[in-house]
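Residue numbers (my numbering): 1 to 1015.
The structure under discussion appears below in the form of structure tokens.
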């Protein structure tokens, strides 16, 4: 075998020498040389065989790309492979088109020889692209047309190797995708994208640079016009002579003063080295200059090969060059000049971040711990010049508010010129705009919109006065890539849902062009609010277009997302952290399996993944890759069929008393069905589910209804579901596109397949949001507290994310007995890692039920709040938290960490008794108001009466709003404008209803006055 392999190795170099058009690929993949040479050798003599070889060339190249970039590809489906690579951002539109031709070219009226010739050209184009992507060599490469005799020799050498082709292909297919760090994968993707553009001829580079300058608003002066520098705000001098006999390619002038320099370089030149040369010329340009010079050396420097454009601002602290998609406008450089002259100690946006933000704490005290950490991490990243930074925040932890607060601080203290928010769908844009406009600035209480104008980005572009713009991905695509504007309601549907619904979602990469209504320098900062990974893959050009740092917020960062941000995850607040802090509730999972619809079905607990099997978060995120193509089946997603639907619904109904044992009445029936969302396949399936549920529960139309998000009444139905006790079960087909405020949901019934882990996590996240006991009782009478989300899975969707611990008996005497058992094992020093995690989850389930007195008692006995105790327990079994401890102190350090976390529980019998007593008392005692709370209520009532008397008169409708706001202040001591979109206000239209009741202008003033009066 070794001898046979050696012979093959010697034959491939012979083949490469005979193939001028594909031999250069030998060091990177010998099979590409073989298939490319076969296509070339037989294009005229055996065109059908040539076409077959071309297709094999495309297949091998696609698989090779997956191996190199670490993108997992489906097996045996070239179309799906190409979709996956395109969605990961590896393929541009031009490259994808060449691949598609190889896979399924429509020859039309072409004969076999003409078809073979076209596909040979595609093979060569892809070969050159692949070579350039791996080497960075941009030298022009032309196809070499061989003589017939040379092609005959090539065909003979191909034939010698083809006998071993099946074995070679099997060995090739066994190679697993590389496990690359996110930054390396991103570099490969960037190189592949750069290589897709044909290098310009040297004579055309200067013309292309001048064309791009004109697009950006620069006036390129011709020969003899050097004295007309004031003809426009920004002028370009072409080929001026400099001191010392040097000559610059171009100089930039703003307001008649020379401010920058441009150097044009041959394609393939190392632009970083060229930037050093530009720096030397920037110094020479100021010596004995015949034109006025703003600053010496010239601060604004550009280097371009006609395609790529490298920019450096020498005014920056520790200047670093960066690629930009276009030249900055003259007015942008003029603004930068004014800012530099006004503040010499911090002359740039980045310098102001480093100079002013670290010491400015105003307003940070109002943030949660997770929000505070995220804001500080973002500011540190920006101050150190990081152009891309990713923040992971679990749904429900205040991600959107963190983004708004970040924008405020960037505008207020770093003096950002303009900030862009990007959201996945129209509804998210509307919510962001409302949140931005209602944001009360800590430095005086004024609304953000009063000082920094907020606008939704439209086709008309930006208003000159706008400081904050909010846009959907669809809107950016329409403006920058000329895609059709969303007029069919598609911008109301999340890209998560679009990708989930289609077996092969559209993976066509976007190509952007310069947009005069939205130039690349329109924003100083871009904030992306949890958009689908496609924005960072096939649509990444939308973000790369802007010359601004990109801050991404994500609840479930996948490999594509991590890659775009080069693995720069600056802060992470996971779902487990949110559960420990009481920001989210835990979830338990049950399965319903129906083998025979004539037999009864049962809901049974799902096996947990276990602590030892749980890998690091980074490993899990990097596995959340293109699952729709690589692991998901083709065609429509599976769903519970009509013949099984009755059995599943009946099993769900019968299981509810056991799933919520603390809600049962005498006789074992539930007092009220928990708010439930049912996830169905499509419209007809959803309608059938609604009828089955109504029949099984013996309920009327109001009890269970379908919500279709493209319907005109969707917003009204969602509001009714969230705010009324009568509407108990909502049947939906695209939960992701609903309101983010779904806090009253306590149960999720999944009746159709979920194809991606990221999508499944989104579904869970919406249902694990917390809700106050008062709000919950308003919509679910008899409920004491929301302690968990119950997931009932009838299609195997939970395979994507098994819970760390599946606690299904946390309430009642069963819950008490389980907790007592774990506490006893902790006392005896016998508790395992898995039991430690279970103990943490059981204690977390108690958090929502604690009264103020309970919390104070536990804090006194444990020496820490219950939330902190839970956090320490979870950290003690978290591989990410333990990794540095293990590295520093080995196994002993890990054991010490867990022992310290368990110490208060193991060594304090009084704490154990207090925790167990929580199960023994009647539920209402857990939510009674303390004496201090009653005094707070009395104070608020007195101040409210004084306010209504002084500020009135008010109508009865207006008094309802004022009194309900007073109720919130009495319960929570504060009132944030965002509360207007929660219960009970959402029942009367939320923020819009409040504005309608008092009038848009008067409403804001009244809210400010009322908050001050009740404070």
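Where a beta carbon is used, it is the ideal one built from N, C-alpha and C, also for glycine.
How long is the line joining the alpha carbons of residue i and residue j, rounded to whole angstroms?
{"i": "residue 27", "j": "residue 39", "result": "19 Å"}
{"i": "residue 46", "j": "residue 31", "result": "20 Å"}
{"i": "residue 768", "j": "residue 431", "result": "20 Å"}
{"i": "residue 15", "j": "residue 23", "result": "7 Å"}
{"i": "residue 945", "j": "residue 1000", "result": "24 Å"}
{"i": "residue 790", "j": "residue 313", "result": "55 Å"}
{"i": "residue 292", "j": "residue 80", "result": "59 Å"}
{"i": "residue 775", "j": "residue 984", "result": "7 Å"}
{"i": "residue 1003", "j": "residue 961", "result": "11 Å"}
{"i": "residue 298", "j": "residue 965", "result": "58 Å"}
{"i": "residue 226", "j": "residue 383", "result": "39 Å"}
{"i": "residue 833", "j": "residue 876", "result": "8 Å"}
{"i": "residue 552", "j": "residue 561", "result": "9 Å"}
{"i": "residue 816", "j": "residue 646", "result": "35 Å"}
{"i": "residue 228", "j": "residue 256", "result": "8 Å"}
{"i": "residue 726", "j": "residue 188", "result": "55 Å"}
{"i": "residue 848", "j": "residue 854", "result": "11 Å"}
Less than 8 Å between the CB atoms is what I'm expecting for residue i and residue j, so what's the real figure, rounded?
{"i": "residue 750", "j": "residue 794", "result": "6 Å"}
{"i": "residue 322", "j": "residue 311", "result": "6 Å"}
{"i": "residue 82", "j": "residue 96", "result": "6 Å"}
{"i": "residue 99", "j": "residue 389", "result": "With 8 Å as the limit, residue 99 and residue 389 do not qualify as a contact, their Cβ atoms being about 33 Å apart."}
{"i": "residue 989", "j": "residue 996", "result": "7 Å"}
{"i": "residue 329", "j": "residue 519", "result": "6 Å"}
{"i": "residue 1091", "j": "residue 391", "result": "The displayed coordinates of the chain run from 1 to 1015. Any statement about residue 1091 would go beyond what the structure contains."}
{"i": "residue 403", "j": "residue 527", "result": "5 Å"}
Measure the Cβ-Cβ separation of residue i and residue j and say whether it is below 8 Å.
{"i": "residue 160", "j": "residue 20", "result": "no"}
{"i": "residue 123", "j": "residue 102", "result": "yes"}
{"i": "residue 537", "j": "residue 183", "result": "no"}
{"i": "residue 214", "j": "residue 67", "result": "no"}
{"i": "residue 693", "j": "residue 640", "result": "no"}
{"i": "residue 246", "j": "residue 206", "result": "no"}
{"i": "residue 429", "j": "residue 441", "result": "no"}
{"i": "residue 653", "j": "residue 697", "result": "yes"}
{"i": "residue 260", "j": "residue 300", "result": "yes"}
{"i": "residue 410", "j": "residue 543", "result": "no"}
{"i": "residue 728", "j": "residue 717", "result": "no"}
{"i": "residue 48", "j": "residue 114", "result": "no"}
Just grab the DSSP bridge partners of residue i for me.
{"i": "residue 45", "result": "According to DSSP, which records beta bridges pairwise, residue 45 is partnered with nothing at all."}
{"i": "residue 359", "result": "Partner(s): none; residue 359 has no beta bridge."}
{"i": "residue 554", "result": "392"}
{"i": "residue 605", "result": "590"}
{"i": "residue 263", "result": "303"}
{"i": "residue 247", "result": "241"}
{"i": "residue 438", "result": "BP columns for residue 438 are empty, so no partner."}
{"i": "residue 252", "result": "236, 260"}
{"i": "residue 313", "result": "300"}
{"i": "residue 458", "result": "461"}
Count the other CB atoms, across all protein chains shown, that sit within 10 Å of the CB of residue i; report buried if there are 16 or more and exposed otherwise.
{"i": "residue 860", "result": "exposed"}
{"i": "residue 665", "result": "exposed"}
{"i": "residue 1005", "result": "exposed"}
{"i": "residue 909", "result": "exposed"}
{"i": "residue 955", "result": "exposed"}
{"i": "residue 745", "result": "buried"}
{"i": "residue 10", "result": "exposed"}
{"i": "residue 709", "result": "buried"}
{"i": "residue 713", "result": "exposed"}
{"i": "residue 831", "result": "buried"}
{"i": "residue 240", "result": "buried"}
{"i": "residue 17", "result": "exposed"}
{"i": "residue 50", "result": "buried"}
{"i": "residue 642", "result": "exposed"}
{"i": "residue 511", "result": "exposed"}
With a threshold of 8 Å between beta-carbons, can residue i be considered close to chain B, or not?
{"i": "residue 51", "result": "The chain inventory of the structure shown lacks chain B, comprising one protein chain alone."}
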